[in-house]
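Using this note's numbering, the letters of the sequence shown correspond one by one to residues 1006 to 1315.
Note that the Cβ used here is the ideal one computed from N, Cα and C, for glycine as well.
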Amino acid sequence: MDLIQALGTFIRITEAGSFSAVARESKTSHSAVSRLVDQLEAHFGVRLFHRTTRRLSLTDDGQDLLGRGRRLLDEAEDLEAALGNHRDSPTGLVRVGLSAGGALMLVPRMGVLFERYPGLSVELVISDHFGDLVEERLDVALQAGQPSDTSSMTRLVRRFGRVPVAAPTYLERHEAPTHPADLAAHACIIHEPGPHRAVGHFNGPDGPIEVTVSGAFRANNVVAVRQATLAGYGIAFLPEQSVADDIGAGRLLRLLADYPSERYDAYVSYPSRRHLAPRTRVVIDFLVEQVKLAMAPTQAGHVWDEHEAA
């Protein structure tokens, strides 16, 4: 038995959730995949999966082997990278967790990653919160705030904020706000992934400013709020990274630039404590690189200017 191949197949089954999916992916038979797992179980003298007609789940021994096997494969890939086999062309699948706003920023830029590394593939897992990265079968996650998984490694990317934005069509019909208090008289699009999203928080020359806003349209998904804002329904407070390209292209205008909103830290986190697989390492570097590039338009892009409007 090729232990490395068998471990790779076992780990991929846990990621894909089925023997059949891995068989299709590797262009082999279900029986061949099953045979590798049988050999792995015989080698270690343990049962790795609970198998029923409706679901597949890991035994305690299987869960233990998953963590140890990942570390072993990471070491093997790191060795290959050190010897030059994959230094310039990392290959394989990387599962990336990020928010819907992060996906709006990242997806248009992923062609650059695939051009650099033709053997690389990426699966995006969209959520506003991630717990244990190993349990969720994630190689890396980009998330706001300190990750709750204290066993993971973290890397601070940058600080983000929510920015008030509106479409030019909306500002053609309504006088743009010059102070946060003016927002109370505007149609605002409420983003409700959690409580208190109808309250805007700003920092002004005289200290913090809190404004309660209202409007006819609200949604708990940043993609829907962005679409409504582009359609001219009103003013929205959206994460900077989700509207960076829109501000850069002039599809949305940033408002109240002199009154910054509260900011929060964004982190890249990953489960491996010792060595990263080359494919994961290049994806982490790509995330950090693209976040920095994406944020430039929000700093120097299209900001509403009352003199231009006049």
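Check the Cα spacing between A1262 and each of R1052, G1166 and L1298: the tightest is with G1166. The residues I1194, F1222, A1224, G1239 and A1241, in chain order, have a CB closer than 8 Å to that of A1233 in the same chain once the five nearest residues on each side in sequence are set aside.
M1006 places its beta carbon 9 Å or farther from that of L1053. Here the alpha carbons of L1188 and P1213 stand approximately 15 Å from one another.
Between the alpha carbons of V1145 and A1108 lies a distance of about 14 Å.
In the pairwise beta carbon analysis, the region 1034-1049 is classified as touching the region 1008-1024: at least three pairs are separated by under 8 Å. Counting C-beta pairs with one atom in each stretch, the region 1247-1259 and the region 1105-1120 have three or more that are closer than 8 Å, which means they touch. As the crow flies, the alpha-carbon of Y1272 is around 13 Å from that of D1133. Judged by beta-carbon spacing, L1103 lies within the 9 Å limit of L1129, meaning their Cβ atoms are closer than that value.
Per the coordinates, the alpha-carbon of Q1295 lies some 42 Å from the alpha-carbon of S1036. The C-beta separation of L1260 from A1203 comes to about 17 Å, leaving the pair out of contact by the 8 Å criterion. Spanning the alpha carbons of G1209 and G1136 requires a straight line of approximately 35 Å. Less than 9 Å separates the beta-carbon of L1143 from that of V1101.
No Cβ-Cβ contact shorter than 9 Å links R1160 with V1051. Under DSSP, E1120 takes part in no beta bridge, so it has no partner. G1116 is classed as exposed because its beta carbon has fewer than 16 other beta carbons within 10 Å across all chains shown. For L1070 against G1022, the beta-carbon gap comes to about 17 Å, at or over 8 Å, which does not count as contact. Within the model, the alpha-carbon separation for L1281 versus E1197 is close to 36 Å. Cβ neighbours of H1055 within its own chain (closer than 7 Å, five residues either side excluded): S1062 and T1064. Comparing C-alpha distances from V1227 to each of S1219, V1168 and D1211 shows the shortest one belongs to V1168. Across the structure, L1298 and Y1264 are spaced so that their CA atoms are roughly 23 Å apart.
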